[in-house]
Amino acid sequence: MNFITICENVVKLLVKYWDKFLLTGLGYTVFFGAILGSLIALLRMSKVAPFRWIAAAYTEIIRGTPMLLQLYLFYFGLPMLIPLLNKQQYACVAIALVCNSAAYVSEIIRSGIQAVDQGQTEASRSLGLSQKQTMLSVVLPQAVKNI
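If you read the sequence shown in the working numbering, its first letter stands for residue 725, the second for the next number, and so on.
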């Protein structure tokens, strides 16, 4: 089997399964990864110490292990933990990709929020805004630009 034959076979696979697996999987990964990543970023910046520790441990473990190892663990280990996923290989791989994406997205969101100058928060708090109002009206719009 030469290189040209391999390339032709890869192209055939991509054309055949482009819409079914690749686009659908990309949508799941981006959407659920962004939602889970946002929650993890908020947990990582929480004032409750156990939440910070859990989020930091999750992020560091996922970002510190190779993606192939994560795929193996989720593909073979997840059906052992959750027997319902025994015949759902696509779901196991999608969950692995979402978890990996969420760890990276959480760090991007956390760094974007922390890049906003503390003076902005102090100024809005001195104007009488609550912490929630400060985050929604002052910090997050500036953080989105940074992100």
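Yeah, the Cβ is synthetic: ideal placement off N, Cα and C, and Gly gets one too. Keep in mind that this is a model prediction, so the values were computed, not measured.
Within 10 Å of its beta-carbon, does residue 733 have 16 or more other beta-carbons around it, so buried, or fewer, so exposed? exposed
Length-filtered (4 minimum) alpha helix (DSSP H) runs lying within the stretch 753–802: 773–788, 791–796
How about residue 762: is its C-beta nearer than 7 Å to some C-beta of chain C? Structure shown: chain C not included; a single protein chain is present.
Alpha carbon to alpha carbon, how far is residue 828 from residue 793? 16 Å
Taking only three categories from DSSP, how would you classify residue 830? helix
Please identify the residue among 767, 771, 790, 841 whose C-alpha is closest to the C-alpha of residue 824. 790
Suppose contacts are defined by Cβ-Cβ distances below 7 Å. Is residue 820 in contact with residue 853 by that definition? no
Under a three-way DSSP split, which group does residue 733 fall into? helix
Using C-beta distances below 7 Å, list every residue in its chain close to residue 822, excluding the 5 sequence neighbours before and after it, in chain order. 752, 753, 756, 757, 760
Residue span of the alpha helix (DSSP H) that contains residue 847, given as start and end: 842–850
With 16 other CB atoms within 10 Å as the buried threshold, where does residue 787 fall? exposed
DSSP state of residue 728, grouped into three classes? helix
Residue 749 and residue 818 closer than 7 Å at C-beta: yes
I'd like the list of long-range same chain contacts for residue 832, defined as Cβ closer than 7 Å, with 5 residues on each side in sequence excluded. 871
Helix or strand or just coil, what does DSSP make of residue 839? coil
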